[in-house]
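Inspection log for the structure reproduced underneath, given as structure tokens.
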Ligand code: NAP
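In the numbering used here, the protein residues as written are 455 to 746.
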């Protein structure tokens with residue numbers, strides 16, 4: 455199958471590399487062309503723009519920062535909508551809003567093209583190891599077509615229904631819960647540390663008893679080591695996700711008081727630490743608030 459891949463950031467570069475490694479014919483494009491170099495050296499073909507990536511391809515994956523990056527890549531004479539042939543499939547793997555997922559599906563339908571929404575759980579290390587979890591929604595037949603390729607990038611694919619936005623909503627729920635867990639860990643660690651207990655020791659007890667999950671283990675280790683740079687998941691993207699959760703909460707009329715705390719701590723962290731820090735650094739802001 456002829457594949458296109460758009461967006462070679464922290465996640466996309468690692469995901470596209472797995473497709474190249476699996477000996478697929480992959481054309482790539484990234485706004486900053488230098489990020490494509492390692493992939494081209496590994497065998498991918500560099501396209502001149504998003505439309506050219508799609509030309510003659512059966513399936514195009516996109517992994518971009520946010521809704522507006524995706525809109526930029528889709529639109530214009532050299533955009534994805536113009537370049538993708540009728541009947542070809544676009545698989546959007548970015549974390550995007552529910553409304554943008556619906557809009558994308560409608561735009562592709564208008565052009566006679568297919569669309570799957572397939573955001574992922576897992577950080578760049580998981581992407582590099584092909585250990586992502588994919589949450590997909592859209593037409594089940596399209597998922598069947600994409601499945602072998604999603605399998606080359608992930609350890610499991612969940613199908614959550616036909617509505618294109620369903621996968622977006624599930625992904626946003628998940629990220630709300632991840633940041634809630636980091637917030638809880640950060641507060642508990644600040645409390646323990648101020649009381650004279652090492653963060654490492656607290657984490658050992660928590661993950662060795664009732665909190666033995668990858669989120670607590672992996673983020674816990676980052677918090678203990680203060681490993682917030684370089685950012686695997688940059689804080690501004692985390693803030694974007696909390697904004698998207700808020701949009702869905704507002705339109706569905708779901709009060710989420712914890713979300714307001716998380717959003718404020720995310721903002722505080724970016725204001726204090728800069729744009730290039732990992733979102734888990736909210737724990738640092740929490741510690742500073744405690745006078746640590
Ligand atoms: P990233 O490293 O910041 O990469 C963002 C990508 O989007 C880059 O390729 C960037 O191009 C491109 N981009 C941004 N604005 C653009 C525009 N206006 N036009 C064209 N391209 C544009 O982000 P990431 O960490 O890979 O995340 C990508 C997506 O995956 C996001 O939706 C994020 O929420 C989601 N996600 C991330 C993680 C994680 O742990 N990092 C985990 C799960 C899901 P340039 O290189 O030119 O800037």
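Backbone N, C-alpha and C fix where the C-beta goes; we use that ideal spot for every residue, glycine too.
If I measure Cβ to Cβ from residue i and keep anything under 8 Å in the same chain, skipping five residues before and after, which residues do I get?
| i | result |
| --- | --- |
| residue 721 | 693 |
| residue 524 | 516, 518, 546, 548, 550, 554, 558 |
| residue 540 | 565, 566, 567 |
| residue 613 | 590, 591, 594, 597 |
In terms of residues, what are the limits of the alpha helix (DSSP H) holding residue i?
| i | result |
| --- | --- |
| residue 719 | 711-727 |
| residue 640 | 620-648 |
| residue 708 | Element bounds for residue 708: n/a, residue is neither H nor E. |
| residue 563 | 552-564 |
| residue 580 | 578-582 |
How would you write the range of the beta strand (DSSP E) that residue i sits in, first residue to last?
| i | result |
| --- | --- |
| residue 586 | 586-592 |
| residue 544 | 543-546 |
| residue 610 | 608-613 |
Considering only heavy atoms of the ligand NAP, does any lie closer than 7 Å to the CB of residue i?
| i | result |
| --- | --- |
| residue 466 | yes |
| residue 527 | yes |
| residue 683 | no |
| residue 626 | no |
| residue 427 | Lying outside 455 to 746, the shown extent of the chain, residue 427 is not represented and no answer is given. |
| residue 668 | no |
| residue 730 | no |
| residue 660 | no |
Going along the chain, which residues of its own chain have a beta-carbon closer than 7 Å to the beta-carbon of residue i, five neighbours each way excluded?
| i | result |
| --- | --- |
| residue 653 | 643, 646, 647, 677, 678 |
| residue 503 | 483, 532 |
| residue 582 | 468 |
| residue 671 | 661 |
So if DSSP puts residue i in a beta bridge, which residue, or which two residues, is it bridged to?
| i | result |
| --- | --- |
| residue 687 | None; residue 687 has no bridge partner. |
| residue 665 | For residue 665, which the question treats as bridged, DSSP gives no partner whatsoever. |
| residue 483 | 460 |
| residue 569 | 544 |
| residue 682 | Paired residues: none, contrary to the question. |
| residue 516 | 460, 546 |
| residue 535 | DSSP, once it has assigned bridges, lists no residue as partnering residue 535. |
| residue 732 | 688 |
| residue 656 | According to DSSP, which records beta bridges pairwise, residue 656 is partnered with nothing at all. |
| residue 528 | Paired residues: none, contrary to the question. |
| residue 500 | 482 |
| residue 574 | 588 |
Using C-beta distances below 6 Å, list every residue in its chain close to residue i, excluding the 5 sequence neighbours before and after it, in chain order.
| i | result |
| --- | --- |
| residue 609 | 585 |
Compute every distance between the C-beta of residue i and the non-hydrogen atoms of the ligand HEM, then say whether any falls below 7 Å.
| i | result |
| --- | --- |
| residue 732 | Ligands present in the displayed structure are limited to the ligand NAP, and the ligand HEM is not among them. |
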